[in-house]
Structure formats: C-alpha cells, structure tokens
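Only one structure is covered here, and it is reproduced in the block below.
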Amino acid sequence: MLPTPTVWRSLAIFTLLASTVPARADPATESRFKTLYTTEWTWRQKQAEVDDDDAQGVRAHLPRVDAATQAQRLRVWEKARADLAAIPVAELTPATQVDYGIYADQLDVAIASQRFRDWEMPANSDSSFWSNLASTGRRSFRTERDYRAWLSQMREIPRYFAEQTVNMRAGLARGFTPPAVTMTGRDAGVAAVAEAADPTATVYYEPFRTMPASIPAATQAALRAEAVAAIRDAVIPAHRDLLAFLRTSYLPGLRTTLAAQSMPDGKAWYAAQIREFTTLDLTPDAIHEIGVAEVAKIRAQMLGVMAETGFKGDFPAFLAFLRSDPRFYATTPDQLLKEAAWTAKRFDLVADRWFGRLPRARFGIVPVPPEIAPFYTAGRGGTGKYLLNTYDLPSRPLYQLTALTLHESAPGHAFQIPLAAEASGQPEFRRKNYISAYGEGWALYCEKLGVEMGMYDTPYDRFGMLSYQMWRAARLVVDTGVHAQGWTRPQALAFLRDNTALSEREITTEVDRYIGWPGQALSYYLGELAILDARAKAEKALGAKFDIRAFHDTVLSLGSVPLPVLTARIDRFIADGGKGPYPAAP
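Numbering of the sequence shown is given in the working numbering, commencing with residue 2 and proceeding in unit increments.
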C-alpha cells in the first residue's frame, strides 16, 4: 500500500493568506527555500516529456523515460520533499508560506505518481506519448535552432519509443493499463506515420513546409533534406515497431475491467488521483453525493429554459429535437470555426467590464488535427491556441458552441493560462504549473459567467450552457460510479444521454475519457463550486463595495493554485475591503 502523502491542504498554513499580521521572516530561511525550489524546478523542466509553447523554443533532446531514470526521479523528489519539511515554515513571510504549500503539493503529487509507477501507462483514450510528440510538429518554428532541435528529437525517437514500449510491457504484465474498450482506434496516429510512403507527407515534416524568411534559402534546403532523412531512417521505422507492438501485444492484452479500483493497489491509486485533480480530500462516495444533488438542481433549471422555448414535449423529446434539428448544426467546418471566432470577438467587446487586467498573449482558432479528431474532445484551449473539433459536424451543436468557446478561449483557458505565465513576482514553479481543479474550475465558471456578460442570445444557447453545466456535474456521478461503485460503461453512457444535450459521439468520447483517465473529470465542477462559493461569500460580506473586476483579477492573479489557496485568498480580499491586486484604472 502506498503511504498516504502529506495532507498539507488541511493545515493552517493557508489561512495565513487571510492574515495581515507580518511573519517573523528569516532572510536565510527564505533563501534556503528559494535555492531548494529553484534547483529542483530547473532539474524538473529538463525531465519534461513535451515542449511547451513559449519563447524558449524547441528542446534539443527527448527525455529518458526508462525505469532507472524513473527511479532517479523518485529519489530526487523524495529528497526535495524531505529538505522542504526541514525548513521552518514560521520563518517565511506569509506570501512565501503560500509558495511553500503549493510547492509541497507539487512534490507530493510527483512522488505519488512515481510510487504508483504511472509511467508504465503512458497512453489513454485522451492522450499518449506519440500524439504529444507529434503535436510539436504542428508548431510554428521561429529559428534555425528550433529546426535543428526538432531534427535532434526526431533522431532520438527510436530510443524514446523503445523505452516507452518497455514501460508499457511492464504495465501490461501487472494489469496496469487503460481499459481495452476505451482504446479502440487509438493507434491510428501511429499507423499514419508508420505506413507513410513519403516522409514529407507525415506530421513530422510539417514545420519544414513553410520556413521563416530569416533562414537563408540554402540552409532551408539543407534542413529539409535532413528532415526527410531523419523521418525515413528514424521516425517511420520507430512508428512501425510501435504499431506492431500495439497491435500484436498491447491492445489485445489490455484489461477488460473498467474501475480504477480494480487495478493494482487500485483504491489507493484512485484516492491519489482524486487528491491530484481536485486538490481536496474527499471520498468517492462524498463526491458522488455532491454530483447527484447538483444534477437534480441543474435539471430543474434546464426544464425552466426548455419551457421558454415553447417546446410542447417532455424532456427526452426536447433532447431528441436538439440532437436532430438541422438548424442547430453547422454545414461546413469553416462555418463552425467562424461561429466560434464571432463569439470570441464578442467577448472582446465586454472584456474590460469584467476584468481589470487582460493578458498580452493572443490566441488563434484552429481545427483539431484529422488523425485524432474522431476521438478528441469538442475543443481544447491554452496558450496561443483554441483547438475546435470540426470532425463529424452533426455531433457539434451550435447551441453549445458559445459555452465551449468561453471555456476554451477567453476568458477561459486561452485567457487564464497566459495571465498566470505573465504574472510577475511569483516563482516559475507557480507561473508554469497547471492545477486542474483551478484551471478547469475557472473555465467552467466562465461558461456560467457568459449569462451575466450577455453572451447567450437565445434560450437554446442558455440551454446549451446548462447542458454543459449538467455534463460537468454528471461527471462527478459517472467518474465515481465507474471507478468506485461498479458502474458499467452502458450505465455511464445512459446517464449522460438522459441528462445532457450532448451528441452521441460526444457522450461516447467523454465516457471513454473518464474510464481511461480516472479522477480528472472531477476537477471541473468542484473547482467551479469553489469559485462560486468564494464569490457569493465576497458579495455578501462586501455589499456595495464588491467589484466584480477586482474579484476576477484577484482570482486570476494567483495563477493555478489548490482550491484551499483560492478560498483563503478571497478571505483576505474580503478583509481588505474588496481591494483588487492591481492599482485601480484611472
């Protein structure tokens, strides 16, 4: 049994956020803490398995992921955690004490992942090491150095894939795999490369199609020739080997059970997943009960909006109507993309009424790559990009597009993540970290905020928003139902089918995602509840002094943090009289 991680979230350390009493800070202790996290964070960044979309460009090497390297990672993190525990928290300033708690949580999550050997399951229905790597090939490279780094990565793919294959064999041997039912077709991206007759037809060649004019023509030609050779001699053969392993050994050998608790040390592993993704210490049963109650509440709201449309049938008939009437669906991918772009620009018109500080970073709207679109979510947003799924248009209803766009673009992910990265005065381990409960909770809150911002034009649009709220509340029921209460896949499908207006494709994709990625789906609604509770508390306490822009700026100024940190910061916001983190605009 895995030892229970240090449960710092329940400690009084975070109540210091609400305190105005100065700590007896010791500069030497502050320096000791900074040296610890700076050293570990620098090392941790080198361990990362994918590039991030920032100004640092493309990394020159793929990481080692073999068992010896994984054991070393565990030793480093356990040593860092022990060193952190030896630092007297009382000798840090209140702000640094918050950094301490956030950093402790990051280490606890990393240690738990290593002890459970999560690296032996590097693929699920939602993502995989091969799709993550291929996504680098879709980036726009800026410099010759980026191209040479990408060439270096491609040449290392045979070694990297071989190490991942060994890890998957180990997971397979002990039953630590995704459920078989969720992985159908997930080898398509591997096959697209493995079976390519022309290296230039693969995703790995994409950056070389259009190269910056700052790179001389002769150098461009040489780089393209090197790319063709690297893809032909390294990338394609490695994908062939991986495809053979997937089709002959891995996919046929995947477990037939669904529940996380059915895996090795499954109850403890699922509890660790819940702690990681929700930042709360809640049992599966408690989360399930919250979900059931919220589903009932939202169902009543949906019935009220349904009545506004004038529809005469019952709720199931209304859902069938929404899923089948052509008026609710785009006829071309361009139409769907343009509708999303229009929603994004409408937010720009009202942004300054709801937020005092806006991110400098911009974002674009692009379709999900075709090789992953059939089993990808409806959309996904982040720094610089809002991916919108244009595959199978009859499964992409327009009445949900406004909510999706607010969630994935602005003021959701493509707004919050850049703001966190642009925050000054915070350690890099905070600015570049992403905690699902905070990030997804914020994005879901933005969907509901759209009502106040006037973003939903019709009752159908508002029903779509409520359907999305219902979808996330239903996740609390489905995730815990499957992983802790013995639910079957048909049960989970039926629950979403009966309670949301999601299309059948979305329902299937999402349920398989929850089955294959335990705990992650719990973060959305629990995160939103924390933000809504904090706002309600501030509005009640501050009355006429409450300023929505100051509240939003305060929430966003934290970066991505555990939910107890958010709650404590809003307590301090209230104690300060509703004063925001930035100087008031003139």
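Ideal Cβ positions, reconstructed from N, Cα and C, are used throughout, including at glycine.
Looking at C-alpha atoms only, which residue of the options is the closest neighbour of residue i?
i, options, result
"H240", "F312, T166 and A261", "T166"
"T231", "V562, V204, A352 and S128", "The amino acid at residue 231 is misidentified as Thr; the sequence shows Ala. It is V204."
"Q302", "K449, I103 and A341", "K449"
"P217", "T144, D282, D349 and Q417", "T144"
"F356", "I112, D127, T310 and A551", "A551"
"P460", "L503, Q401 and R476", "Q401"
"L445", "W472, K433, A421 and P419", "W472"
"A438", "V566, Y330 and T332", "V566"
"G413", "K433, E423, G451 and P398", "G451"
"L1", "F130, S524, A542 and Q492", "Any question about residue 1 goes unanswered here, given that the chain covers just 2 to 587."
"Y251", "A124, Q470 and L503", "A124"
"G465", "A219, T310 and F496", "T310"
"T257", "P179, R354, E511 and L564", "P179"
"G382", "P371, F416, L359 and R397", "F416"
What are the boundary residues of the alpha helix (DSSP H) that residue i is part of?
i, result
"K346", "P334 to W355"
"N168", "E145 to A174"
"T279", "G267 to T279"
"L259", "Careful: L259 lies outside any alpha helix (DSSP H) and carries neither H nor E."
"S524", "S524 to L543"
"A87", "Segment: none, A87 is in no alpha helix (DSSP H) and carries neither H nor E."
"L37", "P28 to Q48"
"E227", "A218 to A231"
"M466", "P460 to A485"
"V62", "A quick correction: the sequence has His, not Val, at residue 62. Counting along the chain, H62 falls outside any alpha helix (DSSP H), and DSSP gives it neither H nor E."
"T555", "I549 to S558"
"Y439", "S437 to E453"
"G517", "E505 to G517"
"M307", "P285 to E309"
What are the start and end residues of the beta strand (DSSP E) that includes residue i?
i, result
"P368", "G365 to P368"
In the DSSP assignment, what residue or residues form a beta bridge with residue i?
i, result
"L388", "V367 and R381"
"S132", "According to DSSP, S132 bridges with nothing at all."
"A124", "S129"
"Y330", "P398"
"P180", "R256"
Leaving out five residues on either side along the sequence, give the residues of the same chain with a beta carbon under 8 Å from the beta carbon of residue i.
i, result
"P334", "P368, T391 and L394"
"R363", "G385"
"A542", "I575"
Do you know offhand how far residue i's Cα is from residue j's?
i, j, result
"D54", "F142", "For D54, the pLDDT reaches just 45, beneath the cut-off of 50, and the residue's location in the model is therefore unreliable, although a value from the coordinates is still provided. Near 10 Å, if we compare the C-alpha coordinates of F142 and D54."
"M122", "R498", "29 Å"
"A56", "L247", "Low per-residue confidence applies at A56: pLDDT is 44, beneath 50, and the placement is therefore not dependable enough to give any value."
"A345", "H408", "11 Å"
"K386", "G365", "5 Å"
"T249", "Y515", "26 Å"
"R149", "V194", "21 Å"
"S263", "F117", "14 Å"
"P327", "R347", "25 Å"
"G267", "V229", "45 Å"
"P95", "R570", "11 Å"
"G544", "L527", "26 Å"
"D572", "A539", "8 Å"
"F177", "Q486", "19 Å"
"L139", "L63", "The sequence given here places Arg at residue 139; Leu does not occur at that position. Roughly 17 Å between the two C-alpha positions."
"R156", "A235", "6 Å"
"R160", "D67", "10 Å"
"S290", "A49", "First, the residue type needs correcting, since residue 290 is Glu and not Ser in the sequence shown. For E290 and A49, the distance between alpha carbons rounds to 37 Å."
"G314", "G190", "43 Å"
"K339", "A411", "15 Å"
"W42", "P265", "30 Å"
"Y469", "T501", "7 Å"
"T284", "R476", "15 Å"
"N168", "S215", "42 Å"
"F322", "L304", "14 Å"
"D84", "P200", "49 Å"
"R300", "A87", "50 Å"
So, at 6 Å on beta carbons, what are the nonlocal neighbours of residue i in its own chain, with the 5 sequence-adjacent residues on each side left out?
i, result
"P519", "A261, Y271, Q274 and H484"
"W488", "G482"
"G440", "S561"
"L243", "F162 and V191"
"R187", "none"
Can you list, in chain order, the residues of its chain whose CB lies under 7 Å from that of residue i, leaving out five sequence neighbours each side?
i, result
"M212", "Q221"
"L93", "A24, A26, T30, E31, F34 and Y101"
"G380", "Y387, L388, L389, N390, L405 and E409"
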